[in-house]
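2 protein chains.
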Amino acid sequence: MNIEKIRAAARRLDGHAVRTPLLNAPLLDAEAGRRVFVKAECLQKTGSFKYRGGRSAVSALDPETRAQGVIAFSSGNHAQGVALAARELGAPAVIVMPSDAPALKIANTKALGAEVVLYDRAKEDRAEIGARLSGERGLTLIKPFDEPEVIAGQGTTGLEIAAQARAAGVEEGEVLVCCGGGGLTSGIALALEAEAPGLRPRPVEPEGFDDVARSLATGAIQSNDRLTGSLCDAIITQSPGEITFPIMQRLCGPGIVVTDEEALRAMAVAFTRLKVVLEPGGAVALAAALYHAEDKRDIIVVASGGNVDAPVYRDALARFA
Amino acid sequence: MNIEKIRAAARRLDGHAVRTPLLNAPLLDAEAGRRVFVKAECLQKTGSFKYRGGRSAVSALDPETRAQGVIAFSSGNHAQGVALAARELGAPAVIVMPSDAPALKIANTKALGAEVVLYDRAKEDRAEIGARLSGERGLTLIKPFDEPEVIAGQGTTGLEIAAQARAAGVEEGEVLVCCGGGGLTSGIALALEAEAPGLRPRPVEPEGFDDVARSLATGAIQSNDRLTGSLCDAIITQSPGEITFPIMQRLCGPGIVVTDEEALRAMAVAFTRLKVVLEPGGAVALAAALYHAEDKRDIIVVASGGNVDAPVYRDALARFA
Numbered sequence: 130m131n132i133e134k135i136r137a138a139a140r141r142l143d144g145h146a147v148r149t150p151l152l153n154a155p156l157l158d159a160e161a162g163r164r165v166f167v168k169a170e171c172l173q174k175t176g177s178f179k180y181r182g183g184r185s186a187v188s189a190l191d192p193e194t195r196a197q198g199v200i201a202f203s204s205g206n207h208a209q210g211v212a213l214a215a216r217e218l219g220a221p222a223v224i225v226m227p228s229d230a231p232a233l234k235i236a237n238t239k240a241l242g243a244e245v246v247l248y249d250r251a252k253e254d255r256a257e258i259g260a261r262l263s264g265e266r267g268l269t270l271i272k273p274f275d276e277p278e279v280i281a282g283q284g285t286t287g288l289e290i291a292a293q294a295r296a297a298g299v300e301e302g303e304v305l306v307c308c309g310g311g312g313l314t315s316g317i318a319l320a321l322e323a324e325a326p327g328l329r330p331r332p333v334e335p336e337g338f339d340d341v342a343r344s345l346a347t348g349a350i351q352s353n354d355r356l357t358g359s360l361c362d363a364i365i366t367q368s369p370g371e372i373t374f375p376i377m378q379r380l381c382g383p384g385i386v387v388t389d390e391e392a393l394r395a396m397a398v399a400f401t402r403l404k405v406v407l408e409p410g411g412a413v414a415l416a417a418a419l420y421h422a423e424d425k426r427d428i429i430v431v432a433s434g435g436n437v438d439a440p441v442y443r444d445a446l447a448r449f450a
Numbered sequence: 130m131n132i133e134k135i136r137a138a139a140r141r142l143d144g145h146a147v148r149t150p151l152l153n154a155p156l157l158d159a160e161a162g163r164r165v166f167v168k169a170e171c172l173q174k175t176g177s178f179k180y181r182g183g184r185s186a187v188s189a190l191d192p193e194t195r196a197q198g199v200i201a202f203s204s205g206n207h208a209q210g211v212a213l214a215a216r217e218l219g220a221p222a223v224i225v226m227p228s229d230a231p232a233l234k235i236a237n238t239k240a241l242g243a244e245v246v247l248y249d250r251a252k253e254d255r256a257e258i259g260a261r262l263s264g265e266r267g268l269t270l271i272k273p274f275d276e277p278e279v280i281a282g283q284g285t286t287g288l289e290i291a292a293q294a295r296a297a298g299v300e301e302g303e304v305l306v307c308c309g310g311g312g313l314t315s316g317i318a319l320a321l322e323a324e325a326p327g328l329r330p331r332p333v334e335p336e337g338f339d340d341v342a343r344s345l346a347t348g349a350i351q352s353n354d355r356l357t358g359s360l361c362d363a364i365i366t367q368s369p370g371e372i373t374f375p376i377m378q379r380l381c382g383p384g385i386v387v388t389d390e391e392a393l394r395a396m397a398v399a400f401t402r403l404k405v406v407l408e409p410g411g412a413v414a415l416a417a418a419l420y421h422a423e424d425k426r427d428i429i430v431v432a433s434g435g436n437v438d439a440p441v442y443r444d445a446l447a448r449f450a
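Protein sequence lines correspond, in order, to chains A and B. Quick note: the first sequence uses my numbering, first residue 130, plus one each step. Quick note: the second sequence uses my numbering, first residue 130, plus one each step.
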């Protein structure tokens, strides 16, 4: 995994992925006591950065392999990113989802052209289903984060941040990244190392699901005890990846942990000050900048996604806007 | 008023105004039955396109005049746009607001560095207050729409639309614009005439406040009977301007009228599909594209602002998301 893979992904994504804006607002700065720049990946196609990795991975396949199709396991942002990328590139896509996934997510994934295969979480093994389908149809698995072409796609976010931060006069400081398995964080880290070495990425996670922070602190991959129970479902993973962790270990600062309530507060701030819709998992980096500031330097945060159900969003506004 | 003024404004705004994205989403297209491109001016500084006109007008003043300060009458988006532009350019700003304006809007305008002068709507004449302050302090009035440098600033939105539409492969069709006094609509119309003549602007207004649609239909400036009673307060004005109306008459298609309920529905669609926050008045153009389609051609809409109070927004989501 290296910067050249990210640059190649950027060429493949050019004209397809949205070059999302780096937002800033004087009244947000006043609230934070520092300049805060927000990379609005909620405005990316399908509402999250995951489209970048999906498009990068599917477009990197040789035409014959691609024509046979791709498969992904996801009920969330990765599903939609892969589904749209595959449709755009003419590849059949199978998305394997638990049968108790929200009806809207199933419907959206189908509307993006994917074939959705449901499985019973209690009785069936999704890996087995995936292996069977892949074998029968020659589908290529698109992993959610621990895969070089996926990391390369997410890393294009970092190339854009480097250029946009320079244009805004920010050459030094921290870049806070909402972090699940580390695909986005490690991709951004490699991009910044090459193009904005004064900017240091730091992963941000929800309280109780801080596998990356603990892995960085101990120097070895740690796991979460559980995978449910946070509003920040989009960024809950078992543990950092075997490819992503060493990159984060080499290039990232210590992890930051925020509460679900802080994530909801940050969603309300983004509503009031920036006019973008964030999901809880996409708001943890902004929450860290607002509520865990260690200094007053300019700071950049990645707002990684906006796919939130209306009731959760209304609750965030009712409590904190 | 001409295209050269808009180009000059674009040079003065370069590096200051946000080049807002032209958003698009496959699932929005599916819902609309056509490709819909949304120029997201809610992501502009201060949450609406009004910053463009404010910055254009204040930066066009000669340095000595500017140093004496500017004045504006507004309790809304124009107030915030002028206040920020003035602060950035080192000009004192006085904003005259009714004393019953929402406390938050008064607070925001002050936080942007302006001096807020309150007046009693029932007992005082704001024009008189303005004239007195201007006389005493040598302040320059920045009118909200019927002023060439303001129109020029709003017109920079049209230059960006022309380039972004071309990049998206849209050379012909309609550009729906949320319309109050016509500053944004006429500015965009002049920009498109010069740089994208296949794109025809059409003003969109709330039902019961369709002064521009009636003016275009009758060929003479018409007024609204009342100025309150719509959720779309940001775009309610007495009548189109003496400068803006002839431009719209020459270059725009017929006006379109939408209901408050359709505006709220469009806000919910923007939440779900685009992840941007729109205010009711900023959503009428999207509402027109969704609920008043006359054909299936690609369409561009301007989402002019996102400064909505949380209770109104929560209500829109509760009813329609």
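Think of the CB as a built atom: it goes at the ideal place given N, C-alpha and C, for glycine as much as any other residue. Owing to the predicted nature of the structure, the values given are computational and were not obtained by experimental measurement.
query: Less than 8 Å between CB atoms is the rule here; does Ala219 of chain A satisfy it with respect to chain B?; result: Ala is not the amino acid found at residue 219 of chain A; the sequence shown has Gly there. For Gly219 of chain A, the answer is no, since every Cβ of chain B falls outside 8 Å of its Cβ.
query: Checking contacts by CB at 8 Å: is Arg443 of chain A closer than that to chain B?; result: yes
query: Is the number of C-beta pairs between the stretch 151-163 of chain A and the stretch 413-427 of chain A that are closer than 8 Å three or more?; result: yes
query: For the alpha helix (DSSP H) that contains Gly259 of chain B, what are its first and last residues?; result: Arg255 to Arg266
query: Tell me, please, whether the CB atom of Leu328 of chain A is closer than 8 Å to any CB atom in chain B?; result: no
query: Take Ala323 of chain A and list the residues in its own chain whose beta-carbon comes closer than 7 Å to its own, dropping the five residues that flank it on each side.; result: Ile132
query: Short of 7 Å Cβ to Cβ, which residues in the stretch 401-432 of chain B face chain A?; result: Lys404, Val405 and Val406
query: Name the one or two DSSP bridge partners that Met226 of chain B has.; result: B:Leu247
query: Is the Cβ-Cβ distance between Ala417 of chain B and Ile385 of chain B less than 8 Å?; result: yes
query: How should Leu356 of chain B be labelled, buried or exposed, when 16 other C-beta atoms within 10 angstroms of its C-beta is the threshold for buried?; result: exposed
query: To test your reading of the DSSP string, which unbroken alpha helix (DSSP H) runs of 4 or more residues are found completely within the stretch 270-330 of chain B?; result: 277-296 and 312-324
query: Would you call Leu233 of chain B buried or exposed, if buried means 16 or more other Cβ atoms sit within 10 Å of its Cβ?; result: exposed
query: Looking only at its own chain, which residues have a Cβ that is under 6 Å from the Cβ of Gly327 of chain A, when we skip the five neighbours before and after it?; result: Glu300 and Glu301
query: Return yes when the Cβ of Asp339 of chain A is within less than 8 Å of the Cβ of Ser368 of chain A, no when it is not.; result: no
query: How about Gly435 of chain B: is its C-beta nearer than 8 Å to some C-beta of chain A?; result: yes
query: Which residues in chain A sit within 8 Å of Val147 of chain B, going by Cβ to Cβ distance?; result: Pro150 and Leu152
query: Compare the C-beta of Asn206 of chain A against all C-beta atoms of chain B and say whether one is closer than 8 Å.; result: no
query: The stretch 355-371 of chain A: which residues have C-beta closer than 8 Å to a C-beta of chain B, in chain order?; result: none
query: Can you tell me whether DSSP reads Leu157 of chain A as helix, strand or coil?; result: helix
query: Quick check on this structure: which residue in A:Leu319, A:Ala201 and A:Pro273 has the alpha carbon closest to the alpha carbon of Ala220 of chain A?; result: A:Ala201
query: To which residues of the same chain is Leu262 of chain B closer than 8 Å at the C-beta, ignoring the five residues directly before and after it?; result: Ile200, Val223, Val225, Val246 and Leu268
query: Would Arg181 of chain A pass as a contact of Gln293 of chain A if the rule is Cβ separation under 8 Å?; result: no
query: Would you say Val405 of chain A and Lys404 of chain B are within 8 Å of each other, going by their C-beta atoms?; result: yes
query: Could you list the residues in the stretch 219-240 of chain A with a C-beta less than 7 Å from some C-beta on chain B, going in chain order?; result: Asn237 and Ala240
query: Who are the near neighbours of Ile365 of chain A in its chain, counting only those whose CB is closer than 8 Å to its CB and skipping five residues on each side?; result: Gly309, Pro335, Phe338, Asn353, Leu356, Thr357, Ser359 and Gly410
query: Would you report the Cα separation of Val430 of chain B and Glu170 of chain B, rounded to the nearest angstrom?; result: 10 Å
query: Between Leu172 of chain B and chain A, is any beta-carbon pair separated by less than 8 Å?; result: yes
query: Should Pro277 of chain B and His207 of chain B be called a contact, given that it needs their Cβ atoms to be closer than 8 Å?; result: no
query: With distance defined between alpha-carbon atoms, name the residue in B:Gln378, B:Thr175, B:Arg141 and B:Ala325 nearest to Leu109 of chain A.; result: Outside the shown range of chain A, which is 130 to 450, sits residue 109 of chain A, and nothing can be said about it.
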